[in-house]
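Everything below concerns the one structure shown next.
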Amino acid sequence: MSETDVTQTGTDAPTTANDPQSETQTHTTAGETDERTQEEWTNFTFPGEPKLAVEDLDVYYGDDHALNGVSMDIPRESVTALIGPSGCGKSTFLRCLNRMNDRINAARIDGSVKLDGEEIYQEGVDLVELRKRVGMVFQAPNPFPKSIRDNIAYGPRKHGELNTGLVARLLGRDDSDEEEALVEQSLRQAALWDEVKDRLDDNALGLSGGQQQRLCIARCLAVGPEVILMDEPASALDPVATSKIEDLIEDLAEDYTVVVVTHSMQQAARISDQTAVFLTGGELVEYDDTDKIFENPESQRVEDYITGKFG
Amino acid sequence: MPREGYQEKLDTLREDVLYMSEVVLERLRMGLDALETKDDDLAWEVINGDDEVNQLYLELEQDCIDLLALQQPVASDLRFIAASFKIITDLERIADLATNLGDYTHEAERDLYPDVDIQEIGTLVVEMVEASMDAYDREDPDACFAISERDDDIDSRCEAASEAVVRDLIEREVDDDTGEEEVEQLMADVSRLLLTIRDLERVGDHAVNIAARTLYMVENDDDLIY
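The listed protein sequences correspond, in order, to chains V and C. According to the numbering used here, numbering within the first sequence proceeds without interruption in unit steps and concludes at 434. According to the numbering used here, numbering within the second sequence proceeds without interruption in unit steps and concludes at 267.
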């Protein structure tokens, strides 16, 4: 509470910090004791090229400015958590990463999102191809009302990818029955194989909520993504199922770039390598190593949010 | 403000740590008084009062563990609890050192080395503990550095005092005519005096620890921690 926040204009930081009005102040005039700017708080750097590089991203839903000039680089093969209060734009941001917002007619998107250096918002980008590379797992498990096997094989079958070399690449080996092998590998990666291997032809809707969510993750993995976006992937699950999903997310980060939106700050703290904090107004306020964010955030507004002093 | 119950628990912890420091400081002052006035009753009061401090320490330790387990504190709240958790250990140790002063009072039967001013050093370390708890209360980083600097003075005073005692011992004429009883008494007095000096020096170190944890709490700065 004693840190002087550069986003506060008053001299009495603790008082203004508790004033809900101050949440909307976004000035970056340097405070007396802290010369760092908000731009620097969000300028998280890491070795290597970013998997995703977002620059000056603005999203409007009609008159509503849902994302306000967000720039952030997301490192590969790690877990990046996006946290913030309801309506802060974190889910909007997530959906921009595989152009899911394109489906919303009223949405207007400005700015740049590069995947491995390639602009995804340029003309001629194949959205089906993009969403294979950047998969999405949603809050409520949404398996198809089909067998477990069909849920996994649906994507590769639909895209005509079986026996084309893609599956061999995913599996790292040639297999006479590619579909069978892909189903097994995807379910194993999603830590579900042992629980369902004897009932692959059962309807997926007969699985528990946690199993359904892991099936959705397996389905996402079966088309060979590079990035996995997750929007509140465990919020509909009980603690045991949640911990399985959390373990799985950590395992997936060894091979995939994972970006997770979560309402649970403890979950973000447990599973992520870096955390981005969005606050009211669709603004990215701070982005840094997760331990830094939860032990010593730079921004007084982030401090107040994560300690529960507002929100 | 949301999480009001949680905020109240944090406030209570702060107040309780400050209360514990008052109790401990009182014990320390009483120990020094007992030593000065050779007041056996006062010395017993300090020694018997240590149970209360230990009890307070255990209760506050449990409060910290409960807050960590049940509230999942982060950021400045987390640093406050982590710092408090460490500071109560230092306070408990200071109280132990105060009971040592009580013990020395019982053992001391005569004045030795009037030029070694135990009370002066005692007053200075009491002030350091007061200042460190004040820094904790006011969340004052500058005060933390100032306390750390004061410890150098305490250390050199203690070193000089110990030297004076040992030098005097060496120069004292002990020969075959000196009675065995007198030699033993001399040895006991000297060791007790050296222990007293060392204990007061340790109180200063604990005050620095408190300042170091306070600095971490306020600024996430671990400069003073070792």
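Positions of the beta carbon are idealized from the N, C-alpha and C atoms, including for glycine. Bear in mind the structure is a predicted one, so any value in this text is a computation, not a measurement.
Check: Quick check: the segment 370-379 of chain V against the segment 160-172 of chain V, are there 3 or more CB pairs under 8 Å?
Finding: no
Next item on the list: Work out the CA separation of residue 257 of chain C and residue 245 of chain C for me, nearest whole Å.
Entry: One-based indexing of the second sequence puts residue 245 of chain C at position 204. One-based indexing of the second sequence puts residue 257 of chain C at position 216. In a straight line, the C-alpha of residue 245 of chain C is about 19 Å away from that of residue 257 of chain C.
Notebook entry, point to check: DSSP state of residue 417 of chain V, grouped into three classes?
Noted result: Reading the first sequence from its first residue, position 294 is the one you call residue 417 of chain V. It is helical.
Check: For residue 109 of chain C and chain V, any beta-carbon pair shorter than 8 Å?
Finding: Residue 109 of chain C sits at position 68 when you count from the first residue of the second sequence. Taking Cβ atoms only, chain V never reaches closer than 8 Å to residue 109 of chain C, which makes this a no.
Notebook entry, point to check: Cβ of residue 167 of chain V less than 8 Å from any chain C Cβ?
Noted result: Sequence index remark: in the first sequence, residue 167 of chain V carries index 44 (1-based). Not an interface residue.
Next item on the list: Return the chain-ordered ranges of every beta strand (DSSP E) run that is complete within the segment 239-270 of chain V and spans a minimum of 3 residues.
Entry: 257-260
Check: At which residues does the beta strand (DSSP E) containing residue 181 of chain V begin and terminate?
Finding: For this step, residue 181 of chain V is matched to residue 58 along the first sequence. Its beta strand (DSSP E) spans residues 175-184.
Note to self: Just to confirm, is the Cβ distance from residue 66 of chain C to residue 180 of chain C under 8 Å?
What the structure shows: Looking up residue 66 of chain C in the second sequence gives position 25. Looking up residue 180 of chain C in the second sequence gives position 139. Against a cut-off of 8 Å, the Cβ pair of residue 180 of chain C and residue 66 of chain C comes out as no contact.
Next item on the list: Entirely within the segment 342-404 of chain V and at least 3 residues each: give me those beta strand (DSSP E) ranges in chain order.
Entry: 350-354, 380-384 and 397-402
Checklist line | Backbone CA spacing between residue 401 of chain V and residue 212 of chain V [nearest angstrom] | finding: Within the first sequence, residue 401 of chain V is the residue found at index 278, counting from 1. Within the first sequence, residue 212 of chain V is the residue found at index 89, counting from 1. The alpha-carbon atoms of residue 401 of chain V and residue 212 of chain V are separated by roughly 7 Å.
Margin query: So residue 417 of chain V contacts chain C; which residues on that side make the cut at Cβ distance below 8 Å?
Written below: Here residue 417 of chain V is taken as the residue at index 294 of the first sequence, counted from 1. Chain C residues near residue 417 of chain V: 115, 116 and 119.
Notebook entry, point to check: Any idea what DSSP makes of residue 277 of chain V, helix, strand or coil?
Noted result: By one-based count along the first sequence, residue 277 of chain V stands at place 154. Three-state DSSP puts residue 277 of chain V in a helix.
Checklist line | Three or more C-beta pairs below 8 Å linking the segment 134-146 of chain C and the segment 234-242 of chain C | finding: yes
Item checked: Residue of V:417, V:410 and V:429 minimising C-alpha distance to residue 162 of chain V -> Looking up residue 162 of chain V in the first sequence gives position 39. Selected option, being the one with the closest Cα: V:410.
Check: Can the beta-carbon of residue 167 of chain C be found closer than 8 Å to that of residue 97 of chain C?
Finding: Sequence index remark: in the second sequence, residue 167 of chain C carries index 126 (1-based). Sequence index remark: in the second sequence, residue 97 of chain C carries index 56 (1-based). No, they are not a contact pair.
Item checked: Cross-strand partners of residue 326 of chain V (DSSP beta bridge) -> To locate residue 326 of chain V, count along the first sequence from 1; it is residue 203. Paired residue(s): V:270.
Notebook entry, point to check: Taking buried to mean at least 16 other C-beta atoms within 10 Å of its own C-beta, is residue 247 of chain C buried or exposed?
Noted result: The residue you call residue 247 of chain C lines up with position 206 of the second sequence. The residue in question, residue 247 of chain C, is buried, as its Cβ has 16 or more Cβ neighbours within 10 Å.
Note to self: Is it buried or exposed, residue 388 of chain V, if we count other Cβ atoms within 10 angstroms and call 16 or more buried?
What the structure shows: Numbered from its first residue, the first sequence carries residue 388 of chain V at position 265. So residue 388 of chain V counts as buried.
Notebook entry, point to check: In chain order, what residues of the same chain have a beta carbon less than 8 Å from the beta carbon of residue 314 of chain V, not counting five sequence neighbours either side?
Noted result: Residue 314 of chain V sits at position 191 when you count from the first residue of the first sequence. Excluding positions up to five away in sequence, the list reads 337, 367, 370, 371 and 374.
Check: Taking the C-alpha atoms as reference points, what is the distance between residue 261 of chain C and residue 91 of chain C?
Finding: In the second sequence, counting from the first residue as 1, residue 261 of chain C sits at position 220. In the second sequence, counting from the first residue as 1, residue 91 of chain C sits at position 50. Cα to Cα, the separation comes out at about 32 Å.
Margin query: Here's the rule: buried if 16 or more other CB atoms are within 10 angstroms of the residue's CB, otherwise exposed. What is residue 47 of chain C?
Written below: Working through the second sequence from its first residue, we reach residue 47 of chain C at position 6. Residue 47 of chain C is buried by the Cβ-count criterion.
Next item on the list: Classify residue 188 of chain V as helix, strand or coil using the three-state DSSP reduction.
Entry: Within the first sequence, numbered from 1, the residue matching residue 188 of chain V stands at position 65. In the structure shown, residue 188 of chain V sits in a strand (DSSP, three-state: E or B).
Next item on the list: Give the single residue among V:427, V:264, V:207 and V:255 whose Cα lies nearest to the Cα of residue 327 of chain V.
Entry: Taking the first residue of the first sequence as position 1, residue 327 of chain V is located at position 204. Considering only alpha carbons, the answer is V:264.
Next item on the list: Leaving aside the five residues before and after residue 147 of chain V along the sequence, list all residues of the same chain whose C-beta is less than 7 Å from its C-beta, in chain order.
Entry: The residue labelled residue 147 of chain V in the question sits at position 24 within the first sequence. Note on residue 147 of chain V: pLDDT 38, under 50, position unreliable in the model; no value is reported.
Checklist line | Assumed close pair residue 199 of chain V, residue 380 of chain V - CB separation to whole angstroms, cut-off 8 Å | finding: Here residue 199 of chain V corresponds to residue number 76 of the first sequence, with the count starting at 1. Here residue 380 of chain V corresponds to residue number 257 of the first sequence, with the count starting at 1. With a Cβ gap of about 5 Å, residue 199 of chain V and residue 380 of chain V count as contacting.
Notebook entry, point to check: Can you name the start and end residues of the beta strand (DSSP E) that residue 407 of chain V belongs to?
Noted result: Position 284 of the first sequence, counting from 1, holds the residue named residue 407 of chain V. Run containing residue 407 of chain V: 406-412, per the beta strand (DSSP E) assignment.
Next item on the list: Check the Cβ-Cβ distances between residue 420 of chain V and every residue of chain C, and say whether any is below 8 Å.
Entry: The sequence position of residue 420 of chain V within the first sequence is 297, counting from 1. Yes, residue 420 of chain V lies at the interface with chain C (some Cβ there is under 8 Å from its Cβ).
Check: For residue 291 of chain V, which three-state DSSP category applies?
Finding: Counting from 1 along the first sequence, the entry for residue 291 of chain V is found at position 168. Three-state result, residue 291 of chain V: helix.
Notebook entry, point to check: Who are the near neighbours of residue 143 of chain V in its chain, counting only those whose CB is closer than 7 Å to its CB and skipping five residues on each side?
Noted result: Position 20 of the first sequence holds residue 143 of chain V. Here residue 143 of chain V scores only 41 on pLDDT, less than 50, and its place in the model should not be relied on; the value that follows carries that caveat. Taken in chain order, the residues that qualify are 433.
Checklist line | Proximal residues to residue 425 of chain V (C-beta, below 6 Å), its chain only, five neighbours per side dropped | finding: Mapped onto the first sequence, residue 425 of chain V falls at position 302. Result list for residue 425 of chain V: 400, 408 and 409, in chain order.
Note to self: Three or more C-beta pairs under 8 Å: does that hold for the segment 95-115 of chain C against the segment 50-60 of chain C?
What the structure shows: yes
Next item on the list: Let me know the secondary structure DSSP gives residue 115 of chain C once reduced to three states.
Entry: Locating residue 115 of chain C in the second sequence gives position 74, counting from the first residue. Residue 115 of chain C: coil per DSSP, three-state reduction.
Margin query: Counting only C-beta atoms, is residue 398 of chain V closer than 8 Å to chain C at any point?
Written below: Counting from one through the first sequence, the residue named residue 398 of chain V turns up at place 275. No, no contact with chain C.
Next item on the list: Please state if the CB of residue 283 of chain V and the CB of residue 343 of chain V are separated by a distance shorter than 8 Å.
Entry: The residue labelled residue 343 of chain V in the question sits at position 220 within the first sequence. The residue labelled residue 283 of chain V in the question sits at position 160 within the first sequence. It is not a contact, given that the beta carbons lie outside the stated cut-off.
Item checked: CB of residue 132 of chain C within 8 Å of CB of residue 71 of chain C, strictly -> Mapped onto the second sequence, residue 132 of chain C falls at position 91. Mapped onto the second sequence, residue 71 of chain C falls at position 30. The answer is no: Cβ separation not under 8 Å.
Checklist line | Where residue 168 of chain V falls: helix, strand or coil (DSSP) | finding: Your numbering for residue 168 of chain V matches position 45 in the first sequence. In this structure, residue 168 of chain V counts as coil in the three-state DSSP scheme.
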